[in-house]
Amino acid sequence: MATSKQNNQQMPNAHLHELFIDELKDMLGAEKQLLKGLKKLSKAAESYELKQAFEQHYSQTEGHIERLKGVFTSMEMSARGKKCKAMEGLLEEADEIVESFEGDPALDAALISAAQKVEHYEIASYGCLVTYAKLMEHSEAEQLLQQTLDEEKQTDSLLTEIAMSGVNESAS
């Protein structure tokens with residue numbers, strides 16, 4: 103580790119390196135956890151459009167995992183995630199929503215709310231990672247992370263569109 107820290111001192115903003123790596127591990131774990139959660143959300147959704155959105159995001163999430171592995175590779179590190187406590191809590195809340203609103207006309211609206219909480223966590227996390235990569239001049243990592251950040255924002259917008267296209271109204 104000492105050699106790694108010595109080498110890291112030569113990059114701009116090297117003080118961010120350990121934080122950057124820790125956040126990358128956290129997000130790799132979070133994305134893997136999310137795969138399981140998205141399957142549950144898709145099964146629980148009543149609207150075809152919402153089911154499709156969850157299934158599409160499942161495929162995107164697989165790509166996010168591959169991109170994160172690419173970020174680790176670009177930094178000559180092995181890709182290892184760690185359990186993300188924030189994602190764990192968000193997915194537990196989503197499970198509670200499914201149980202509480204099963205059969206209720208507000209189920210899909212509640213699922214969108216839970217999914218958007220996940221998206222906002224991911225947007226915040228990837229936003230920080232993009233900033234750290236930029237400050238440390240890890241241009242390949244920055245580009246990969248920005249691509250994922252853009253997809254997370256698109257998913258959040260899609261969920262809002264689905265909610266506004268009738269899911270929230272049919273819940274009232």
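Numbering of the sequence shown is given in our numbering, commencing with residue 103 and proceeding in unit increments.
Glycine included, every Cβ here is placed at the ideal spot set by N, Cα and C.
No experiment lies behind these values; they were computed from the predicted model shown.
Kindly indicate which three-state DSSP category residue i falls into: helix, strand or coil?
| i | result |
| --- | --- |
| Ser-180 | coil |
| Gln-162 | helix |
| Asp-206 | coil |
| Gln-154 | helix |
| Ser-149 | coil |
Where do the ends of the alpha helix (DSSP H) carrying residue i lie?
| i | result |
| --- | --- |
| His-222 | 209-237 |
| Met-189 | 187-203 |
| Met-129 | 119-146 |
| Ala-243 | 241-264 |
Short of 8 Å in beta carbon distance, which residues of its chain neighbour residue i, apart from the five on each side in sequence? Order them along the chain.
| i | result |
| --- | --- |
| Val-220 | Leu-136, Gly-139, Met-189, Leu-192, Leu-193, Ala-196 |
| Met-238 | Met-113, Pro-114, Asn-115, Ala-116, Leu-118, His-119, Phe-122 |
Only counting the same chain, and skipping five residues up and downstream in sequence, which positions put a Cβ closer than 7 Å to that of residue i?
| i | result |
| --- | --- |
| Gly-183 | Lys-127, Leu-130, Gly-131, Lys-134 |
| His-159 | Leu-140, Thr-257 |
| Ser-254 | It should be pointed out that residue 254 corresponds to Glu in this sequence rather than to Ser. Same-chain partners within the cutoff: Glu-221, Glu-224, Ile-225, Tyr-228. |
| Glu-168 | none |
Report all residues from its chain with a CB closer than 6 Å to the CB of residue i; omit the five preceding and five following residues, and keep chain order.
| i | result |
| --- | --- |
| Ser-227 | Met-129 |
| Lys-107 | Unreliable placement is indicated for Lys-107, whose pLDDT of 41 sits below 50; the coordinate value is still reported in the next sentence. Answer for Lys-107: no residue qualifies. |
| Leu-260 | Ala-155 |
| Glu-157 | Ser-144 |
| Thr-250 | His-166, Arg-169, Tyr-228 |
| Tyr-234 | Leu-118, Phe-122 |
What whole-angstrom Cβ distance do residue i and residue j have, given they're in contact under 8 Å?
| i | j | result |
| --- | --- | --- |
| Leu-247 | Val-232 | 5 Å |
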